[in-house]
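Below is one structure, written out as structure tokens; comments come after it.
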Amino acid sequence: MPQEITLEDCAGTIHPKAIEGMKLFNEGKFFDSHEELEAAWRDETGSIRDLYRGILQVAVTYLHITRGNYDGAVKVYGRSLKWTQFWGDVCRGINVKKLRDDAERVMQEVTRLGKERIAEFDTALFKPIQWNEKRVWTCDRCGAQMYEKNCKVTCPNCGNRFDCSDLNLYFD
Ligand SMILES: [Zn+2]
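Letter by letter, the sequence shown follows residues 454 to 625 in my numbering.
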């Protein structure tokens with residue numbers, strides 16, 4: 454599956470239940486987050502469903518950490534990598550790179566603490582998922598509304614353009 458991912462897979466909108474799941478994730482409600490993301494995963498037929506599965510496994514990883522379940526966290530995080538690593542930096546307006554980096558930092562700390570001290574984990578290390586669900590971009594040169602097509606965002610006023618892979622312009 455992962456090798457078949459194309460830019461077009463990332464050009465659509467985010468499933469509404471995945472948006473709900475990410476909002477709950479950002480509120481630290483990891484169990485409810487996992488339920489919504491699972492509903493999005495079941496409902497979605499395209500390859501993007503595997504990104505939702507990856508995000509839901511990060512939610513479950515964090516849930517295990519809050520419950521002091523070291524082995525569960527390590528196991529589910531390992532699984533999540535399969536579903537999160539092949540997407541680009543940004544997919545459907547979701548900052549996948551940031552999620553990967555945040556989860557990696559969380560797991561470095563979990564590994565450092567180890568099984569005995571996982572209760573000391575500082576939940577401030579759980580960082581929010583970032584996304585741009587409206588996918589409306591404002592031109593940084595002239596302020597006009599830009600349009601997105603196939604991962605290219607173009608300003609109709611001044612011709613300014615950028616690519617989906619150009620992360621900083623998406624999330625400043
Ligand atoms: Zn412009």
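For glycine and all other residues, C-beta sits at the position ideal for the given N, C-alpha and C.
Tell me which residue opens and which closes the beta strand (DSSP E) that residue i is part of.
i      : result
Thr607 : Lys605 to Thr607
Phe615 : Arg614 to Asp616
Glu601 : Gln598 to Lys602
Using the Cα positions of residue i and residue j, report the straight-line distance between them to the nearest angstrom.
i      : j      : result
Glu473 : Trp540 : 21 Å
Ala556 : Leu509 : 12 Å
Thr514 : Glu480 : 15 Å
Thr576 : Arg495 : 29 Å
Tyr530 : Val511 : 6 Å
Gly546 : Asn585 : 5 Å
Gln456 : Gly567 : Here the model assigns Gln456 a pLDDT of 48, short of 50, so the residue's position is not dependable, and the following value carries that caveat. If you take the alpha carbons of Gln456 and Gly567, they lie about 34 Å apart.
Trp590 : Tyr600 : 7 Å
Leu516 : Ala492 : 18 Å
Leu534 : Gly507 : 7 Å
Phe579 : Cys544 : 21 Å
Ala597 : Cys611 : 8 Å
Arg532 : Thr466 : 25 Å
Glu489 : Cys592 : 33 Å
Ile518 : Gln583 : 21 Å
Arg520 : Thr564 : 15 Å
Met454 : Ala464 : A caution first: Met454 carries a pLDDT of 44, below 50, which makes its placement in the model unreliable, though a value can still be read off. One C-alpha to the other measures close to 18 Å.
Ser500 : Arg553 : 18 Å
If you follow the alpha helix (DSSP H) that residue i is in, where does it begin and where does it stop?
i      : result
Lys551 : Val549 to Arg570
Would you list the residues whose beta-carbon is nearer than 6 Å to any heavy atom of ligand 1, in the order they occur in the chain? Cys592, Arg594, Cys595, Ala597, Cys608, Asn610, Cys611 and Asn613
Of all the alpha helix (DSSP H) runs that stay within the bounds of the segment 477 to 558, which reach a length of 4 or more residues? 483 to 496, 502 to 519 and 523 to 537
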